[in-house]
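Q:
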Amino acid sequence: MVEANKTLVKKFFAAVESGDFDAFDTLVTEDYDDHLAGQSPGRETLKSYFRRLRFAFPDIRLPISQMVAEDDRVAVLNSVQGTHRGEFLGIAATGRRVDASAFQLYRIEDGQLAEHWEVADFATLMRQLQPDT
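Next up, the structure:
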């Protein structure tokens, strides 16, 4: 079960990177609970979030540096990398590359991602979008 859960998270990351949001229908529960501040629950909300993220960073990559799993939980230390080609959080495209760290914790239920918590280095990401001073 632990290895299957790790594989599920890797498939989810690959779907985000490729923009295959239809894959979320099999990878993510319909009532997915994302504990990000301001984020509403639901698979369709998650699809919308990642569509906007891929619009801003169409070459997004989420390389995994560490992954640990136990029971129904998978913890991931990864990077968020990409080129800022579209509006992101009110910032017009800059063409700048971003590379910031993130820590994810997923809960798996019946072979699908059901719940998510994240701590991300948004300060670094936002600093990388600012013009040089």
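Per my numbering, numbering of the sequence shown is gapless, rising by one per residue and ending at 137. Quick reminder that beta carbons are idealized off the backbone N, C-alpha and C, glycines included.
Leaving out the 5 sequence neighbours to the left and right, which residues in its chain are closer than 7 Å to A18 when beta-carbon positions are compared?
A: Against the sequence shown, residue 18 aligns to sequence position 14. Cβ neighbours of A18 beyond the five flanking positions: none.
Q: In chain order, what residues of the same chain have a beta carbon less than 8 Å from the beta carbon of D37, not counting five sequence neighbours either side?
A: Start at 1 with the first residue of the sequence shown, and residue 37 comes out as number 33. Same-chain partners within the cutoff: P45, A118, E119, H120.
Q: I need the straight-line Cα distance from R24 to T98, nearest angstrom please.
A: Numbered from its first residue, the sequence shown carries residue 24 at position 20. Numbered from its first residue, the sequence shown carries residue 98 at position 94. A quick correction: the sequence has Asp, not Arg, at residue 24. Distance between the alpha carbons of D24 and T98: 25 Å.
Q: Helix, strand or coil for Q132? Go by DSSP, reduced to three states.
A: Walking along the sequence shown from the start, residue 132 turns up at place 128. Correct three-state label for Q132: helix.
Q: Give the C-beta separation of I64 and R58 to the nearest angstrom, bearing in mind that I take them to be a contact with Cβ-Cβ under 8 Å.
A: Position 60 of the sequence shown, counting from 1, holds the residue named residue 64. Position 54 of the sequence shown, counting from 1, holds the residue named residue 58. At roughly 6 Å, the Cβ-Cβ gap stays under 8 Å, so I64 and R58 are in contact.
Q: Please state whether DSSP places D37 in a helix, a strand or coil.
A: In the sequence shown, residue 37 corresponds to position 33, counting from 1. D37 falls in the strand class under three-state DSSP.
Q: Once the 5 residues before and after R89 are set aside, which same chain residues still bring their CB inside 6 Å of it?
A: If you number the sequence shown from 1, residue 89 lands on position 85. Answer for R89: P62, A97, listed in chain order.
Q: Closer than 8 Å by C-beta to A47: which residues in its own chain qualify, once you throw out the five before and the five after it? Chain order, please.
A: On the sequence shown, position 43 is the one that residue 47 refers to. The sequence shown places Arg at residue 47, not Ala. Closer than 8 Å at the Cβ level, and outside the excluded window around R47, lie F28, D29, V32, T33, E34, D35, Y36.
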